[in-house]
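As they're listed, the protein sequences go chains Y and X.
Under our numbering, residues 1 to 781 are what the first sequence spells out, in order.
Under our numbering, residues 782 to 939 are what the second sequence spells out, in order.
C-beta: ideal position from N, C-alpha, C; glycine also.
The structure under discussion appears below in the form of structure tokens.
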Amino acid sequence: MTKKFIGKRIVRNEDPQLLTGQAQFVDDVEIPGMLHAAFLRSDYAHARLLSIDVSKACQRPGVVAVFTAEDMGDDWQPGPPLVSPPPTAKDVIFNSRRQVPLVKDKIRHTGEAIAVVIAESRYIAEDAVDDILVELEPLEAVVDLERGLEAGSPLVHDDLESNLAAHLLQKKGDYETARQKADLVIKRRIVIGRGAAAAMENRGIVANWDAKSQHLTIWDTTQAPIPIRNGTAARLGLSEHQVRVIAPFIGGGFGPKMMMFYAEEMVIPWVSKELSRPIKWIEDRRENFYATTQERGQIHDVEIALSSDGYILGLKDVFLHDTGAYDPYGLTIPLNTQCHAMGGYDIKNFTTEVSVVFTNKTLVTPVRGAGRPQGIFIIERLLDIASRELGIDRIEIRKRNFIPPDAFPYEHKIIDQAFAPLILDSGNYLPVMEKALEMIGYEEFVKEEQPRLRSEGKYVGIGIAPFIESTGVGPYEGARVTVEASGKISVATGIGTQGQGHFTAFAQIVAEQVGVAVKDVRIVTGDTTEFHWGTGTFASRGAVVAGNAIHAASSIVRKKILELASKVLETPIDELELDDGLVRVADIPHKSISLGELALLANPLRGAVEPGTEPGLEATAYFGPNYGATAFGTHAMILEVDPETMMIKIKRYVTVEDCGTVLNPLILEGQIHGGVSMGIGNAYYEQLHFDENGQLLNASFADYLIPSATEMPRMEVGHIETRSSLNELGTKGVGEAGTIPVPALFAQAIENALYDHELEILEMPLSPNRLFEFLNEEKSR
Amino acid sequence: MQTLFDLGVTVNGARYEHAVEPRTLLSDFLRHDLGLTGTHVGCEHGVCGACTVLLDGNPIRSCLIFAIQTHGHAITTVEGLGTIDNLHPIQEAFQEAHGLQCGFCTPGILTTVKSFLEQNPDPSEDEIREAISGNLCRCTGYQHIVDAVILAAEKMRT
């Protein structure tokens, strides 16, 4: 069947509201009688809390209440574990230590909440925060990962013997035997620094406990409204149906808004219930740098064993992962790193061992990429070094090691974030890389342009980085699709939306099945009253998992429409067409009935219906994949380095993606562009710097540099389609794809540009300063 | 409670008389006193540009100015451009070129671009990138924003 809507560049349904300032974000919620919250946060990374005196704050005019941990009584409970360690992994050590609503005894990271002031305005609440007197005993901070595991290190959690949060060893094949057969073994240490997600909208929450109706409504900038509803109900001793969580328009998620429960998510609904007043808390940017989760910090000791003709015999990676002060998100990030360290290559022997370390830093949970960029950086760096040492072209060595197209589904064997050994469902990697090479003009650049530019004294380099991305993991999502009496379609799904174009891409899926215009499909996401089953928007899974649930529900509604129309029009189903909001008899165009009329007929006000029938043209369906669909892609880049300033100029940037069926190329390109921009930040501009006391030194957008329009190149996006066999739409996720290979790509391209230096980049993020230091170190050797 | 001062200001063509505390930021006044929540606050330190509004036609950061400083002036916010049923050509272009994703930074970009295109109706891509370099966007990588500005310039010239 020719697709009418799926795969088309359709402009977005949600845009007019967003473009005119009429879209509701959490901070736009205004409720009569609403009070405002401000948190007192720790200036120290590690300290014992001796006493708090809030009396002066309470006396300030306009202050309604001040709460500390003690005031919460038995309601003071740490957050629930969000993700447990994989039950299928052998000998896993996991010390679960969860974040607390307000600090009771010990401060474990800078910015941890100590008390909350509730006042008539945010201005007054912030004034009163300064009135609170706190007595602390500062402790030595755990900042460095290696030192944190040494005997005698101060302890983030005093009841543990060390700062080891978790340990997991996974093996595929036998690395040690493979190593003995190798012609070349390369060992390196690779260090990845920490960065921020920096969504443009900070976090926020409005909670409104209505004592008369005994009902709590929460507006939350969360990626996971349903788990927030269920967890809040449990914490407050309410029925789940007494709590409604709305994730309205969200100003970017990128992972940290998937974290739950943040301290504020535990405190603000509780305060609303205590005071029976609506309470609003909106995070400011400074708080965001201290209190919103971050990611990427890892130290890897890796080795790769190769044959002289460049085939990978085995890989071993022993690494440390920084989880910050608590570990509610389990092992998701290091599992992703373990699963991506083999890239898209057929590696038969792999040993990977991670030690997760508690530090006195902000919590670590997934940020767009979520451990995958680190894994890809490792394997791509090792292949670049191998290519040089073996004298094999860097493209050729990758070609030799790619998983061949006939090997899918490919048993990767390493347990992933879905708790099962990862299986790569489908793929054809070589044509993707070849298309990227062709688009960037690799041969011509390397043979002609680069030598010419070098002869002119220019430092111009090219990089090519292939990558895999595990996406679309379970457990499931669901959706309800309804034909309304207006003939328009209403759809509700449980996931939240943060700019991914769900109101349009999902509408295209529905329109394809029920034959209406895309603009006549109204999608509701992230409101637990509309749909209350589901998990959330994470792991590049919205379009795959919720998308396929919507497809399934739409297919059932299509069947119901046709069955009813068949009776009404007295025509067999196979002679009916569904288009333009009408069901028509194929050969007699004027013999038709509208969807609105059918919806009314399906929901009669009087008369009898056949026993066992359901009213309306409506269906609810769920989709849960056996395992995640794994996408593939390759990025290519030409950049020029200014040898004086170490500033870079990206001359060309090409991406080729294979994410299966494309729902909307316009939205897909946007996702890639945005992902690349975060990747460029991760590679060359963005790093959170902590001093030896665990103080964050660059907690503002003036000091933490996210790419602006002048740093970003024009990107060329190519596409190859290998449908996933795991779902009916054939889709794979793409939300994080843009970010994943960029650090690896930068390292290769910069080394290639600075060809007359013996530069080996083994860390990320870089910066002009850091690159300058490398070259000075080289000079002094 | 601090002393209140009388503020008289024109916003999107309508005249407002309000008593405000001297420390009230323009962004808070627009959002919370006037209910014009289209102006968004992303950093509160003048870097991200999300809160950009036009003061007598020129872009300013509404998080870096007190409301009282705008006494006697005219302000345009995103709500002053077009409506859902009657989009401004810049808004149309942003929809057509997919120049927004989460839409949080968008109001500040639209106001910045409005002023920019009035001064430079036929800009080059580099000039556009320079003009919006004070507006941070985490979703789009800016490419479709640049495309939208090129398209908007075309629409507004014809």
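CB-CB length for residue i against residue j, believed under 8 Å
i: E380(Y); j: A744(Y); result: 4 Å
i: D158(Y); j: R60(Y); result: Actually they are not in contact, since the Cβ atoms of D158(Y) and R60(Y) sit about 35 Å apart, beyond 8 Å.
i: A485(Y); j: A599(Y); result: 5 Å
i: Y175(Y); j: T351(Y); result: 4 Å
i: Y429(Y); j: F402(Y); result: 5 Å
i: T788(Y); j: I205(Y); result: Residue 788(Y) is absent from the model: chain Y starts at 1 and stops at 781.
i: T471(Y); j: S540(Y); result: 4 Å
Enclosing beta strand (DSSP E) for residue i [first to last residue]
i: I316(Y); result: In the sequence on display, residue 316(Y) carries Lys and not Ile. Looking at the DSSP string, the run of the beta strand (DSSP E) that includes K316(Y) is 312–324.
i: I794(Y); result: For chain Y, the structure presents residues 1 to 781; residue 794(Y) sits outside this window and is missing.
i: P431(Y); result: No beta strand (DSSP E) holds P431(Y); the alpha helix (DSSP H) holding it covers 429–440.
i: Y459(Y); result: 459–471
i: M785(Y); result: Within the shown structure, residues of chain Y are numbered from 1 to 781, placing residue 785(Y) beyond reach of any answer.
i: R368(Y); result: Element bounds for R368(Y): n/a, residue is neither H nor E.
Cβ of residue i within 8 Å of any chain X Cβ
i: T710(Y); result: yes
i: T20(Y); result: yes
i: Q214(Y); result: no
i: D28(Y); result: yes
i: I650(Y); result: no
i: M258(Y); result: no
i: L782(Y); result: This structure leaves residue 782(Y) out entirely; chain Y is present only between 1 and 781.
i: P611(Y); result: no
Separation of residue j from residue i, as counted between CA atoms
i: V521(Y); j: I489(Y); result: 5 Å
i: G310(Y); j: R400(Y); result: 7 Å
i: A586(Y); j: A629(Y); result: 38 Å
i: I909(X); j: Q748(Y); result: 30 Å
i: P451(Y); j: E640(Y); result: 13 Å
i: R194(Y); j: Q783(X); result: 42 Å
i: D691(Y); j: E448(Y); result: 47 Å
i: V26(Y); j: C886(X); result: 15 Å
i: L313(Y); j: R179(Y); result: 7 Å
i: V583(Y); j: R558(Y); result: 10 Å
i: P870(X); j: H879(X); result: 14 Å
i: S780(Y); j: F774(Y); result: 10 Å
i: G344(Y); j: A182(Y); result: 21 Å
i: L306(Y); j: A465(Y); result: 19 Å
i: A362(Y); j: V100(Y); result: With the sequence shown as reference, residue 362(Y) is identified as Thr, and Ala is not the correct amino acid for it. Straight-line Cα distance between these residues: approximately 13 Å.
i: G861(X); j: S843(X); result: 15 Å
i: R244(Y); j: Q214(Y); result: 12 Å
Cβ-Cβ distance between residue i and residue j below 8 Å
i: A37(Y); j: V134(Y); result: no
i: E287(Y); j: G111(Y); result: yes
i: A247(Y); j: T217(Y); result: no
i: T497(Y); j: I333(Y); result: no
i: I550(Y); j: L562(Y); result: no
i: G679(Y); j: V656(Y); result: no
i: I414(Y); j: L424(Y); result: no
i: V676(Y); j: G718(Y); result: no
i: S896(X); j: N839(X); result: yes
i: F358(Y); j: V142(Y); result: yes
First and last residue of the uninterrupted alpha helix (DSSP H) at residue i
i: L759(Y); result: Where L759(Y) is concerned, there is no enclosing alpha helix (DSSP H), given that its DSSP letter is neither H nor E.
i: V557(Y); result: 547–569
i: V271(Y); result: 263–275
i: Q298(Y); result: First-last for Q298(Y): 298–306, but that is the beta strand (DSSP E), not the alpha helix (DSSP H).
i: Q338(Y); result: 332–340
Any C-beta of chain Y under 8 Å from that of residue i
i: F885(X); result: yes
i: Q876(X); result: yes
i: L917(X); result: yes
i: E798(X); result: no
i: S914(X); result: yes
i: G794(X); result: no
i: P870(X); result: no
i: V834(X); result: no
i: R910(X); result: yes
i: A831(X); result: yes
Residue i beta carbon near the ligand GTP (any heavy atom closer than 7 Å)
i: V356(Y); result: The ligand GTP is not among the ligands present in this structure, which contains no ligands whatsoever.
Residue-chain proximity (residue i, chain A), Cβ-Cβ < 8 Å
i: V859(X); result: Among the protein chains in the structure shown, which are Y and X, there is no chain A.
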